[in-house]
Each structure stands twice: as structure tokens, then as C-alpha cells.
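The structure appears right after this line, and notes come after that.
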Amino acid sequence: MGKLSSKDVLRSDQFSKDEITLILETARRYEAAVDAGEVLDVMKGKVLSTLFFEPSTRTRLSFETAMLRLGGGVITVAEARSSSAAKGESLHDTIKTVEGYADVIVLRHPQIGAAKEAAEATHRPVLNAGDGAGQHPTQSLLDLYTILKEQGKVDGLRIALTGDLKNGRTVHSLALLLSNYDVSFLFVAPDALKMPREIVEQVKAAGVDVAETDDLATAIREADVLYMTRIQKERFEDTAEYDRLKDAFILRRAMLSEAKSNFTIMHPLPRVNEIETDVDDHSGAAYFRQSANGVPIRMALLALVTGRA
Amino acid sequence: MGKLSSKDVLRSDQFSKDEITLILETARRYEAAVDAGEVLDVMKGKVLSTLFFEPSTRTRLSFETAMLRLGGGVITVAEARSSSAAKGESLHDTIKTVEGYADVIVLRHPQIGAAKEAAEATHRPVLNAGDGAGQHPTQSLLDLYTILKEQGKVDGLRIALTGDLKNGRTVHSLALLLSNYDVSFLFVAPDALKMPREIVEQVKAAGVDVAETDDLATAIREADVLYMTRIQKERFEDTAEYDRLKDAFILRRAMLSEAKSNFTIMHPLPRVNEIETDVDDHSGAAYFRQSANGVPIRMALLALVTGRA
Amino acid sequence: MGKLSSKDVLRSDQFSKDEITLILETARRYEAAVDAGEVLDVMKGKVLSTLFFEPSTRTRLSFETAMLRLGGGVITVAEARSSSAAKGESLHDTIKTVEGYADVIVLRHPQIGAAKEAAEATHRPVLNAGDGAGQHPTQSLLDLYTILKEQGKVDGLRIALTGDLKNGRTVHSLALLLSNYDVSFLFVAPDALKMPREIVEQVKAAGVDVAETDDLATAIREADVLYMTRIQKERFEDTAEYDRLKDAFILRRAMLSEAKSNFTIMHPLPRVNEIETDVDDHSGAAYFRQSANGVPIRMALLALVTGRA
Numbered sequence: 098m099g100k101l102s103s104k105d106v107l108r109s110d111q112f113s114k115d116e117i118t119l120i121l122e123t124a125r126r127y128e129a130a131v132d133a134g135e136v137l138d139v140m141k142g143k144v145l146s147t148l149f150f151e152p153s154t155r156t157r158l159s160f161e162t163a164m165l166r167l168g169g170g171v172i173t174v175a176e177a178r179s180s181s182a183a184k185g186e187s188l189h190d191t192i193k194t195v196e197g198y199a200d201v202i203v204l205r206h207p208q209i210g211a212a213k214e215a216a217e218a219t220h221r222p223v224l225n226a227g228d229g230a231g232q233h234p235t236q237s238l239l240d241l242y243t244i245l246k247e248q249g250k251v252d253g254l255r256i257a258l259t260g261d262l263k264n265g266r267t268v269h270s271l272a273l274l275l276s277n278y279d280v281s282f283l284f285v286a287p288d289a290l291k292m293p294r295e296i297v298e299q300v301k302a303a304g305v306d307v308a309e310t311d312d313l314a315t316a317i318r319e320a321d322v323l324y325m326t327r328i329q330k331e332r333f334e335d336t337a338e339y340d341r342l343k344d345a346f347i348l349r350r351a352m353l354s355e356a357k358s359n360f361t362i363m364h365p366l367p368r369v370n371e372i373e374t375d376v377d378d379h380s381g382a383a384y385f386r387q388s389a390n391g392v393p394i395r396m397a398l399l400a401l402v403t404g405r406a
Numbered sequence: 098m099g100k101l102s103s104k105d106v107l108r109s110d111q112f113s114k115d116e117i118t119l120i121l122e123t124a125r126r127y128e129a130a131v132d133a134g135e136v137l138d139v140m141k142g143k144v145l146s147t148l149f150f151e152p153s154t155r156t157r158l159s160f161e162t163a164m165l166r167l168g169g170g171v172i173t174v175a176e177a178r179s180s181s182a183a184k185g186e187s188l189h190d191t192i193k194t195v196e197g198y199a200d201v202i203v204l205r206h207p208q209i210g211a212a213k214e215a216a217e218a219t220h221r222p223v224l225n226a227g228d229g230a231g232q233h234p235t236q237s238l239l240d241l242y243t244i245l246k247e248q249g250k251v252d253g254l255r256i257a258l259t260g261d262l263k264n265g266r267t268v269h270s271l272a273l274l275l276s277n278y279d280v281s282f283l284f285v286a287p288d289a290l291k292m293p294r295e296i297v298e299q300v301k302a303a304g305v306d307v308a309e310t311d312d313l314a315t316a317i318r319e320a321d322v323l324y325m326t327r328i329q330k331e332r333f334e335d336t337a338e339y340d341r342l343k344d345a346f347i348l349r350r351a352m353l354s355e356a357k358s359n360f361t362i363m364h365p366l367p368r369v370n371e372i373e374t375d376v377d378d379h380s381g382a383a384y385f386r387q388s389a390n391g392v393p394i395r396m397a398l399l400a401l402v403t404g405r406a
Numbered sequence: 098m099g100k101l102s103s104k105d106v107l108r109s110d111q112f113s114k115d116e117i118t119l120i121l122e123t124a125r126r127y128e129a130a131v132d133a134g135e136v137l138d139v140m141k142g143k144v145l146s147t148l149f150f151e152p153s154t155r156t157r158l159s160f161e162t163a164m165l166r167l168g169g170g171v172i173t174v175a176e177a178r179s180s181s182a183a184k185g186e187s188l189h190d191t192i193k194t195v196e197g198y199a200d201v202i203v204l205r206h207p208q209i210g211a212a213k214e215a216a217e218a219t220h221r222p223v224l225n226a227g228d229g230a231g232q233h234p235t236q237s238l239l240d241l242y243t244i245l246k247e248q249g250k251v252d253g254l255r256i257a258l259t260g261d262l263k264n265g266r267t268v269h270s271l272a273l274l275l276s277n278y279d280v281s282f283l284f285v286a287p288d289a290l291k292m293p294r295e296i297v298e299q300v301k302a303a304g305v306d307v308a309e310t311d312d313l314a315t316a317i318r319e320a321d322v323l324y325m326t327r328i329q330k331e332r333f334e335d336t337a338e339y340d341r342l343k344d345a346f347i348l349r350r351a352m353l354s355e356a357k358s359n360f361t362i363m364h365p366l367p368r369v370n371e372i373e374t375d376v377d378d379h380s381g382a383a384y385f386r387q388s389a390n391g392v393p394i395r396m397a398l399l400a401l402v403t404g405r406a
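Protein chains in written order, with the working numbering: chain C, 98 to 406; chain G, 98 to 406; chain Y, 98 to 406.
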């Protein structure tokens with residue numbers, strides 16, 4: 098049994114550096130096997146239950162693909178609201194029931210802490226696919242895997258996180274996960290949407306160098322990796338301020354002339370308009386490759402937590 | 098070909114004692130195989146269609162898991178209302194169409210008799226997963242299987258059915274199925290929700306001893322198996338009577354002190370509050386194991402009716 | 098690699114006669130294998146994504162069954178409206194994302210041209226499962242396959258298309274596809290719903306003989322194959338005209354006495370009342386067999402476009 102066997106995956110900061118390395122190497126191994134046309138039967142005869150209390154088609158399909166690519170089967174609850182929960186069943190009871198069907202459970206839930214509550218209810222491994230404003234650890238791991246694949250390394254990189262750093266679950270989790278490496282950060286946001294002080298302090302305490310700016314051009318010039326997120330109108334009390342700021346955080350192809358030659362552009366998707374489509378054919382536009390990297394990462398996690406990797 | 102090959106599963110009272118024994122033994126065999134980590138390919142290359150005209154996530158997932166554990170594939174219509182039926186297609190035509198895709202069909206429908214109508218439309222086996230206030234035979238079979246597993250036998254047991262015995266499809270079907278065995282019944286309900294006379298007469302005609310009470314404590318003291326169901330407020334014309342009665346039919350841990358040492362507590366789930374959560378870690382609290390038993394029972398039925406067991 | 102490898106399937110008029118023959122022969126081969134109880138693993142380890150931006154349960158289940166019968170896996174978005182598209186994501190981005198999961202994509206979309214747009218976004222093969230009033234090429238191919246199976250040939254047949262020929266996507270596509278063969282057409286419709294002139298001209302230009310009538314009895318007497326479609330009330334400006342006409346286009350068993358002995362009756366389904374149920378046990382009532390033929394045709398297409406047939 099591997100070291101992650103029977104473990105839950107609840108938070109992006111739960112893993113030791115060794116565990117992170119194991120996940121990344123397992124993902125790399127499965128990705129190579131699929132690319133080579135190998136048919137895997139790691140999970141043959143096993144069943145994954147996806148249980149989505151709020152819809153997230155992208156995340157659901159990525160997990161289901163991962164299970165199918167490992168030779169396993171999938172039972173799906175794409176919209177759990179309309180099911181037993183509607184009849185007044187507690188999350189505990191729902192999980193105890195699904196435990197009777199599936200070998201491993203993927204949960205998406207609108208409430209912070211739901212994944213932890215689910216994990217406590219069952220001896221089956223639970224993978225957190227997002228619990229409201231809480232954690233979404235498989236997203237952070239696929240982000241890290243993408244940086245490693247695109248740049249060939251993680252240590253030594255200057256990584257710019259930009260957009261709504263105040264409210265963005267994705268950038269908080271990624272910043273903490275990357276603090277396991279010898280990186281430096283550039284946090285790029287308007288004043289109203291700056292990275293929370295506690296995240297900045299936590300990252301600095303881990304020995305990571307942090308700079309902050311509200312200028313996207315600086316980030317493009319200095320960074321190896323630019324991680325874009327969306328600025329949402331509804332986050333601003335003052336609509337006029339939103340209108341003034343939003344254009345400063347839209348990435349256009351013309352802005353990339355001063356970027357490094359092996360510049361990497363990431364985004365958790367879906368994008369609306371914060372990256373213009375003329376950026377898509379830039380060699381460093383990695384966001385669709387990033388999305389595809391969710392499959393090998395989730396293959397690795399499914400196989401590791403069930404002790405079959 | 099086995100004796101259930103090409104048969105439909107429509108009612109819990111359709112089976113001979115020999116057929117019931119065959120189903121239970123087949124379920125036991127598949128459960129042991131899965132527990133031993135065997136990968137089954139009994140249904141390899143075959144396709145199950147689940148067709149749910151009303152949502153029942155628990156039942157759907159249990160059937161789908163059963164098919165996957167047998168190595169088969171599944172096509173799902175989780176909410177058939179929004180499909181062809183909405184375009185005015187008859188159930189007959191829907192079934193004739195699905196017959197062109199699937200080797201076996203699981204139907205859930207809000208109308209009594211829908212499963213029979215479906216079975217008459219097709220030469221494929223149809224499994225009734227609940228037709229309104231009608232039948233839900235796979236639930237009764239998994240209940241029976243649970244009693245057998247928990248108690249090691251069925252003959253000789255005193256079985257208490259409690260809750261809304263007047264309207265409960267589940268308890269009616271189970272009472273009739275258990276009448277194939279040498280059991281005695283204790284029907285525990287308030288006057289307004291007593292077991293219908295025709296069920297009592299049918300059970301007695303089968304030679305089963307029946308007693309009735311409205312006192313849950315008596316049942317706990319006397320019975321080997323206590324089968325709980327919910328008392329629903331909307332069943333009472335007089336709300337005050339509901340408020341007076343409901344507490345008398347809630348099971349609490351403290352009430353179990355006088356129970357037999359190998360007492361078994363069952364419930365078809367979902368529960369709302371009729372079994373308090375402090376009962377869950379009682380060794381006889383079997384309701385989540387009962388739910389899990391749906392998988393081997395449905396594996397047995399799927400394999401038997403397709404002639405592959 | 099076969100000649101259709103890596104191709105998209107977007108329009109029923111995209112195929113050469115050789116390609117049509119290849120598809121029909123591949124379908125026949127897979128159908129024979131399934132009928133013989135063979136378990137195919139042509140698509141083992143591969144993943145199909147069905148992506149339905151409007152519901153079409155029949156078409157979705159047929160494609161999913163086809164993939165499962167080939168040994169592949171399926172990820173499903175049965176109602177894509179409630180997913181990322183609702184967050185403002187473009188079809189291009191959705192397809193680029195799904196490309197990261199699946200080996201082949203089936204798209205149903207309410208807008209004409211959506212399948213073509215999807216195909217241009219990805220290097221994965223895209224199969225058009227209906228794009229609004231546009232094309233539905235797999236329906237036309239299964240219609241053709243049905244005629245071939247029911248009649249043993251296509252050349253030399255007199256084929257009557259009837260119902261709403263003005264607005265019917267299905268009959269337009271089928272007429273064009275059949276123009277590859279030495280057939281003659283009888284277009285049977287009320288004046289208000291006649292076949293569009295451009296389709297008639299295109300068919301004639303391909304060398305096919307065309308006659309038109311508004312009399313269903315003539316079609317039954319003369320044709321080898323009668324293809325029924327529905328006349329929808331909402332197509333008529335004048336409701337009185339609808340009421341006058343509708344009965345003339347309902348097929349009843351008594352009307353078949355003058356039909357040829359090997360007469361074939363087809364319908365794309367679902368029917369509402371345009372074929373009375375007493376027609377169903379006529380030996381030539383092929384509409385449910387026609388629906389079932391969708392599976393081998395879609396097996397053939399999935400295997401051919403992924404280069405695995």
C-alpha cells in the first residue's frame with residue numbers, strides 16, 4: 098500500500114512535499130501510458146461515485162474521464178439537489194448510502210467543510226471537488242502539474258497571480274501549494290481585490306519572496322508564469338470603479354511582446370473575456386492544456402487513495 | 098438457462114419459494130466475489146438502461162452499480178419527464194425504442210401498473226424499480242436478504258413492522274414476501290395508520306401468526322427484527338393527532354436496553370428523524386448495510402433475468 | 098487508417114458513394130457481431146463525450162449504447178445549458194475543454210452551424226447529432242441502412258416521403274442522401290407543406306425521378322417504402338386548414354390493403370398519432386427496427402472516425 102492509500106483529499110495544503118512529488122510522478126506515468134495508447138485496468142471492477150450538489154460539468158467530466166481511463170466504472174449524480182437531499186436526508190446519511198455502492202467518492206458541495214464532514218462519515222476515500230468558498234485541491238494540483246510540464250521545473254520560477262486575488266479560492270490554494278517550492282510570487286490586483294494579508298503572511302513564513310503590484314504589464318515583463326483569473330463585477334460596491342479597472346486586467350496578444358520567450362499563460366477556465374481569443378495561438382497559452390492536465394492528476398489521485406497506483 | 102431467464106421482475110409476490118432462494122443464493126455468491134476482490138464479467142458487452150420517470154437517486158445508483166460490478170455498461174435517463182415523453186410519446190413507444198438499445202430495462206414510474214405495461218411492450222426483461230403506490234420488488238428482496246444476513250436465518254423470527262403501515266408500499270410488499278417463511282409478525286402503528294385488513298388476512302391465510310399493537314416498546318422487547326418506516330404529517334387529517342403520535346414512533350438509543358442481544362434495526366431510507374443518530378453505532382443498526390445489500394440483490398436479478406447468472 | 102479516419106460527420110451530403118458503402122458495411126459487420134453475442138473491444142480505453150445543448154434522449158442513448166457495445170467509455174452532458182455555457186463560456190472554449198477529456202465528441206445544439214463551429218475548434222472528430230434546423234446526418238444514414246435491410250437493396254425502389262416536407266430536416270437530408278442511388282421519389286404533402294423547390298431541383302439534378310401528390314393512398318399503392326413524418330399544428334397559419342388536412346396524413350391499418358406485399362413503413366419517431374398503433378404488427382412496420390438501427394450505424398461511425406474500424 099502506498100502512502101496515500103485510504104486517505105481523503107480535502108485541502109491543497111494537506112500534502113507533504115513527498116506526497117506532492119508522488120502525485121505528480123504518478124500523473125506523469127499515467128499520462129505517458131494513455132499517450133502511448135495503453136489500455137489501463139488499474140481500477141477494473143471498481144466504481145467511482147461523483148456526487149455534485151452544485152453543477153460543475155468541467156470538474157465532473159474530468160474525474161469521470163480519469164476513472165474510465167483507469168478501466169473503472171462511474172455512477173453519477175450530476176445534480177444532487179433534486180435527489181434524496183431534497184427529501185430531507187442529511188449529508189452524513191447520503192454518504193453512508195453511497196459508501197454501500199462505490200469504492201471512492203468525489204464530492205462537490207456549496208458549503209465550506211462539506212467534504213470534511215463527508216470524509217468523517219465514511220471509510221471510503223473522499224475527494225473534495227470544491228466545497229463552496231473552501232478548498233478545491235485537485236485544481237491546485239493540476240495547476241502545479243501544468244507549471245511543471247510547461248516550464249520543465251518549478252523551483253526558481255517567478256509566478257504572477259492576477260485578477261480577483263481577494264476572493265479567488267483557486268489562487269489562494271495555489272499560492273499555498275507552491276510555497277512548498279523555491280518560487281517567488283508577484284501578486285497583481287487592484288487595491289480592492291488584493292491578496293488577503295493572512296495568505297501573504299503564510300506564504301512569506303514558508304520562505305517565499307512576495308511582491309505586489311496593480312500593473313499587469315510589470316507581471317508580463319517579469320514573470321515566467323502568469324496565472325489569470327476573472328474580476329467579477331458583483332465584487333465591487335462601486336460600479337464605476339469596476340468599469341475603470343476591468344480593462345487593466347484583460348490580457349491581449351499585443352501585450353505579450355515584452356514577455357519572456359518561454360512565458361506561460363494559465364487560467365482555471367471558464368474565461369469570459371479576461372483573455373482575448375487572439376492570445377490562444379501564442380505558444381505559451383497553456384489554459385486548455387492545463388484543463389486537460391486535470392485528467393492525469395485525477396487518475397493519479399483515484400489510484401493512489403484506493404491503493405492501486 | 099436458469100428458471101428466471103427472460104422473466105420480468107414486477108411484483109414481490111410473483112416469486113416461488115425456490116425462485117426466492119435462487120435469488121438470495123445468487124446474491125450471496127456475487128457479494129462474496131466482490132468482497133474477495135474478484136472482477137466479474139458476467140454482463141460484459143451487455144447494456145442496462147435505467148429509465149426513471151421520477152427521480153430516485155438511491156435506487157438508480159444501486160442498479161447502475163450492480164451492472165458495473167458485473168462488467169456491463171449502463172445508459173441512464175435520470176429524469177425521463179424532460180425527454181421524449183414530454184413530446185407526447187407513449188410509454189409503449191419509449192420502451193419499444195429502448196428495447197433497441199439495451200439488453201435489460203429498469204423502470205421507475207409514478208403510475209401503478211406502468212412496469213407491467215412496459216413488460217408487455219417488450220421481449221427484453223423489465224425490472225420494476227417502483228411504480229407509484231404499486232410495487233417495488235427489489236426493495237423487498239434486499240430487505241429479506243438483509244434479515245437473512247443479519248440473523249443468519251429467516252424461519253423462526255419475530256418481525257416487527259412499524260410506522261405508517263396503512264400507506265407504506267414497502268411494508269406491504271415485505272409482509273407478503275416474508276409470508277413464504279415460518280415467521281411471526283408484530284404490526285406496530287397508531288390506529289389511524291394500521292396495516293390494511295386485506296394484507297393482514299392474506300398474511301394469516303399463508304399461515305403466519307400476526308399480532309398488532311401501537312406500542313413501540315413492546316416491539317423492541319419482543320422482536321428479533323424491527324423494521325422502521327416514517328410517519329408522514331401529510332397523512333393525518335388532524336394535525337394535533339400527528340403531533341401527539343409522532344414522538345411515540347421515533348427510535349432512540351435509550352429505548353434499546355430491553356432489546357434482544359442480536360436485535361436488528363432496519364429502515365428503507367432516507368430517514369428524516371424517525372431514528373435518532375445515536376442509534377447508528379448500535380451493533381444491530383443495519384439500515385446502511387441494508388441499503389448496501391441492494392447491490393448484490395440487483396446483481397443477482399440482472400444476471401438471472403438475462404440468463405447469465 | 099481508413100478513409101474516414103479523423104473526419105467529422107457534419108452533413109448527410111458530405112459522403113461519397115464509396116464512403117456511404119463503407120459505413121453501411123461496417124454497420125452490418127458490427128450488428129452481426131453483436132447479434133452473435135460477440136464482445137467487441139474496438140474502442141476499449143477510449144472515451145466518448147456526448148454534449149447535448151438541447152435534450153434528445155433517444156439520440157443520446159443510441160450513441161452511448163454504440164460506444165458501450167464497442168467496449169468504450171462515455172461521459173455525458175445531457176443538458177449542457179445548465180453547465181459552463183451558462184457561465185458565459187463560448188462553444189469554442191467548451192469544445193477545447195472537452196477535447197482534453199474525450200477521444201470523440203457527439204454534439205447536439207439548437208443552432209444551425211454549431212457542429213461545424215465545434216469541428217473547427219478541435220482536432221478530435223465531431224459527430225453532429227442535430228444542429229437545429231440544420232443537419233442530422235446519422236439519422237439519414239440509419240434511415241438508409243433501414244431501407245437496405247428491410248428491402249434487401251436500395252437501387253430500383255420507389256420511395257414515398259410524406260408529412261411536413263416543407264420544414265422536415267429529416268426528409269430533406271434523406272432525400273439528398275438517397276439521390277446517390279437509382280431510386281424514384283414520391284413526395285406526399287398538402288400544398289402548404291410541399292418539399293422546397295431547391296431540394297426538388299437538387300434531387301432531379303442528381304438524376305432521380307420525382308413525382309408529387311397530396312394523396313396518401315396513391316403513395317401506399319405505388320411505393321416500396323413509405324417514410325412518414327408528423328404534421329405539426331403550429332406550422333399552419335390557418336388552424337381550420339390544419340384540422341381539414343391532418344386526418345389525411347394519419348396512417349391506419351385499413352389503408353394498407355392495397356400496399357405491396359413487402360411494403361416498408363418508416364418514421365423517425367417519436368410519433369404522436371400520425372401512425373395508429375394497429376399498424377404496429379404489420380410485417381412492414383419498420384419504425385422500431387429503424388430506431389434500433391441507429392446503434393450499428395453509430396458504432397460504425399464512431400469506429401471509422403477514430404480510425405479503429
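Just so it is clear, CB atoms sit at the ideal spot from N, CA and C, and this is done for glycine as well. The structure displayed is predicted, hence computed values, not measured ones.
Chain-ordered chain Y contacts of residue i [CB-CB under 7 Å]
i, result
"A389/C", "G197"
"G170/G", "L165"
Alpha-carbon spacing of residue i relative to residue j, whole angstroms
i, j, result
"K301/C", "F150/C", "35 Å"
"L274/Y", "H269/G", "57 Å"
"D321/C", "T173/C", "39 Å"
"L399/Y", "K141/G", "20 Å"
"G229/Y", "P234/G", "42 Å"
"G138/C", "S159/Y", "First, the amino acid is wrong: residue 138/C is Asp here, not Gly. The alpha-carbon atoms of D138/C and S159/Y are separated by roughly 26 Å."
"L348/C", "A397/C", "33 Å"
"L107/G", "L148/G", "15 Å"
Per DSSP, cross-strand counterpart(s) of residue i
i, result
"E309/C", "F284/C"
"S187/Y", "Beta-bridge pairing links S187/Y to no other residue."
"T147/G", "T173/G, V203/G"
"N225/G", "L204/G"
"Y324/Y", "L258/Y, M363/Y"
Closer than 9 Å at the beta carbon, the chain G residues around residue i
i, result
"S146/C", "L158, T162"
Within-8 Å CB hit, residue i to chain Y
i, result
"D228/G", "no"
"G404/G", "no"
"V136/C", "yes"
Chain-ordered neighbours of residue i on chain G, where CB pairs are closer than 8 Å
i, result
"D335/C", "Here the premise fails: no neighbours, minimum Cβ distance about 42 Å."
"G381/C", "What G381/C touches in chain G: nothing, since even the nearest Cβ is about 40 Å away."
Test: residue i CB closer than 8 Å to a CB of chain C
i, result
"E186/Y", "yes"
"N385/G", "Here the sequence assigns Phe to residue 385/G, which means Asn is not the residue at that position. Answer yes: the Cβ-Cβ gap between F385/G and chain C drops below 8 Å somewhere."
"R368/G", "yes"
"V392/G", "yes"
"K114/Y", "no"
8 Å Cβ cutoff, residue i in contact with chain G
i, result
"T481/C", "Any question about residue 481/C goes unanswered here, given that chain C covers just 98 to 406."
"G210/C", "no"
Closer than 8 Å at the beta carbon, the chain Y residues around residue i
i, result
"K213/G", "Ordered by position in chain Y, no residue passes the 8 Å Cβ test against K213/G, which lies about 18 Å from the chain."
Cutoff 8 Å; reference residue i; Cβ partners in own chain excluding five residues on either side
i, result
"E319/Y", "R255, A257, L283"
"V280/Y", "V251, D252, G253, L254, R255, I256, V305"
"E116/C", "K100, L101"
Cβ neighbours of residue i in the same chain (closer than 6 Å, five flanking residues each side left out)
i, result
"E196/G", "T219, R221"
"D105/G", "A216, P222, V223"
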